[in-house]
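Q:
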Amino acid sequence: MRQLAERLGLRPTKRLGQNFVHDANTVRRIARLAQLSPGDLALEIGPGLGSLTLALLSTGASVLAVEIDPTLAEALPATVAARAPAAARRLTVLPSDAMTLRSSDLPEERAQPTALVANLPYNVAVPVLLSVLAELPTLRRGLVMVQLEIVDRLAAPPGSRAYGAPSVKLAWYAAARRAGLVPRAVFWPVPGVDSALLEFHRHEPPPGPATRAEVFALVDAAFAQRRKTLRAALASWAGSAPDAEDALRAAGIDPTTRAERLSVAEFARIAEQRPLTHT
Ligand code: SAM
Numbered sequence: 000m001r002q003l004a005e006r007l008g009l010r011p012t013k014r015l016g017q018n019f020v021h022d023a024n025t026v027r028r029i030a031r032l033a034q035l036s037p038g039d040l041a042l043e044i045g046p047g048l049g050s051l052t053l054a055l056l057s058t059g060a061s062v063l064a065v066e067i068d069p070t071l072a073e074a075l076p077a078t079v080a081a082r083a084p085a086a087a088r089r090l091t092v093l094p095s096d097a098m099t100l101r102s103s104d105l106p107e108e109r110a111q112p113t114a115l116v117a118n119l120p121y122n123v124a125v126p127v128l129l130s131v132l133a134e135l136p137t138l139r140r141g142l143v144m145v146q147l148e149i150v151d152r153l154a155a156p157p158g159s160r161a162y163g164a165p166s167v168k169l170a171w172y173a174a175a176r177r178a179g180l181v182p183r184a185v186f187w188p189v190p191g192v193d194s195a196l197l198e199f200h201r202h203e204p205p206p207g208p209a210t211r212a213e214v215f216a217l218v219d220a221a222f223a224q225r226r227k228t229l230r231a232a233l234a235s236w237a238g239s240a241p242d243a244e245d246a247l248r249a250a251g252i253d254p255t256t257r258a259e260r261l262s263v264a265e266f267a268r269i270a271e272q273r274p275l276t277h278t
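Structure, rendered in C-alpha cells:
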C-alpha cells in the first residue's frame with residue numbers, strides 16, 4: 000500500500016479524511032461482518048487505495064466505489080486488475096463526491112446498491128450516511144467504520160447522554176448498533192481519534208403524515224436548545240411557547256420533557272401537530 004501511495008505521489012490529507020487501512024485482518028473482518036454474498040451490490044464510499052475494496056470483492060459481491068480524489072479513483076481499477084483480476088468486472092468506480100450523490104448518477108448496471116460498506120471519511124461521515132440513506136432506498140443495510148464517538152452518537156438510544164439529532168435522524172431510516180472497535184494502529188497515517196464499526200438495518204419510517212423534512216426540522220429545533228424544556232425549545236418552531244405546549248399535549252408528550260428523551264416516533268407525532276398551531 001505504501002508503494003502504491005508512493006507511486007501515485009499521494010500525500011494523505013485531513014481535508015478528505017484520508018486514513019488508509021493497511022491491516023488485512025481489519026478489512027477481512029469488515030467484509031465478514033457486512034455479510035455480503037454474490038447477489039449483493041456494495042456501495043463503498045471512499046475506497047482510497049483499495050484495501051477494503053479487495054476484501055469486499057473477495058466475498059463474490061459487486062462493488063460500486065465512489066471516490067472524490069481523482070488520482071485514487073483513477074488508480075483503483077488497475078489495482079484490482081493486478082491483485083484480483085477475476086473480480087475486476089464486478090467493480091465500478093465513480094469519481095464523485097458522495098455528499099451530492101443522487102440515484103440518477105449511478106450507472107444503470109449498478110443502480111441498486113443493497114449494502115453500504117465503507118471506511119467513511121470521518122469529517123463528513125454523518126451527512127454522507129444520512130444523504131445516501133435518503134437518496135438510495137435500495138440500501139437495506141450497512142457496516143461502516145467511523146470515529147468511535149460518532150458511532151456511539153449515531154447508535155445512542157433516547158435518554159442516553161450521547162443521544163442527539165444525528166441519532167434521531169438515523170433512527171428515521173434504520174436500527175443501528177456498535178459492531179466493534181478498531182485499533183488506531185491499522186491506519187496510515189495513524190489518526191488522532193479512536194474508531195469503531197457501526198452496523199445498521201433499514202426499517203420503515205415512523206407512521207404518520209409528517210414528512211421527513213418536517214420531522215428533521217423539528218428535531219433540529221428541539222436539539223438546538225437541548226437543555227431547555229420542549230415547551231421553551233419549540234417556541235419559535237410552533238409560533239409561541241403556549242402553541243408549543245398545545246402541540247406537545249396533543250401529541251401526548253409532557254411539555255416539560257427535554258429533546259433527549261424522545262424517540263423518532265414521538266418527534267413524528269409532534270411534527271404532525273404543527274399545522275394546527277402555526278398558521
Ligand atoms: N477505504 C479506504 C481504506 O479503508 O483504506 C480509505 C478510507 S479513508 C478514511 C476515506 C476515503 O474517502 C479517502 O479515500 C478519501 O479520498 C475519500 N473521500 C473523502 N471525502 C469524500 C467524499 N465526499 N466523497 C467520496 N469520497 C470521499
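In numbering that gives the first Met the number 0, the protein residues as written are 0 to 278.
Ideal Cβ positions, reconstructed from N, Cα and C, are used throughout, including at glycine.
What you are looking at is a predicted structure, and each value in this text was computed from that prediction instead of being measured.
1. Count Cβ pairs between the region 120 to 133 and the region 228 to 241 that sit closer than 8 angstroms; are there 3 or more?
2. Give the range of the beta strand (DSSP E) segment to which residue 258 is assigned.
3. With a CB to CB cut of under 8 angstroms and the five nearest residues on each side skipped, what residues in its chain are close to residue 189?
4. Quick one: what does DSSP say residue 18 is sitting in, helix, strand or coil?
5. Within the continuous alpha helix (DSSP H) that includes residue 2, where are the two ends?
6. Do you know offhand how far residue 263's Cα is from residue 115's?
7. Report yes if the C-beta of residue 8 is less than 8 angstroms from at least one heavy atom of the ligand SAM; otherwise report no.
8. Name the residue from 243, 67 and 2 whose alpha carbon lies nearest to the alpha carbon of residue 16.
9. So residue 141 and residue 199 are in contact, right, with Cβ under 8 angstroms, and what is the actual spacing, rounded?
10. Ends of the alpha helix (DSSP H) at residue 282?
11. Give me the residue from 112, 54, 222 and 175 with the minimum Cα distance to residue 261.
12. Excluding the 5 residues flanking residue 50 on each side, which residues of the same chain have their C-beta closer than 6 angstroms to its C-beta?
13. Which stretch, first to last residue, makes up the alpha helix (DSSP H) that contains residue 124?
14. Just to confirm my understanding: we take residue 69, look at its own chain, exclude 5 residues before and 5 after, and list those with CB closer than 6 angstroms. What are they?
15. Measure the C-alpha to C-alpha separation of residue 92 and residue 254 and round it to an integer number of angstroms.
16. Would you check if the region 34 to 42 and the region 111 to 127 touch, i.e. whether three or more CB-CB distances between them fall below 8 angstroms?
17. Three-state secondary structure (DSSP) at residue 234?
18. Quick one, are the C-beta atoms of residue 287 and residue 195 less than 9 angstroms apart?
19. Beta carbon of residue 71, beta carbon of residue 79: below 9 angstroms?
20. According to the neighbour-count rule (16 or more other Cβ atoms, all chains shown, within 10 Å of its Cβ), is residue 39 buried or exposed?
A: Judging by the given coordinates:
1. no
2. From DSSP, residue 258 is part of no beta strand (DSSP E); its letter is neither H nor E.
3. 18 and 183
4. coil
5. 1 to 6
6. 22 angstroms
7. no
8. Comparing C-alpha distances from residue 16 to each of 243, 67 and 2 shows the shortest one belongs to 67.
9. Contact between residue 141 and residue 199 holds, since their C-beta atoms are separated by about 5 angstroms, short of 8 angstroms.
10. A query on residue 282 cannot be resolved here, the shown segment of the chain reaching from 0 to 278 and no further.
11. 222
12. 20 and 26
13. 124 to 134 is the extent of the alpha helix (DSSP H) around residue 124.
14. 94
15. Distance from the CA of residue 92 to the CA of residue 254, rounded to the nearest whole angstrom, comes to 50 angstroms.
16. yes
17. helix
18. Residue 287 lies beyond the stretch modelled for the chain, which goes from 0 to 278, so this question has no answer here.
19. In this structure, residue 79 does not lie closer than 9 angstroms to residue 71 by Cβ.
20. buried
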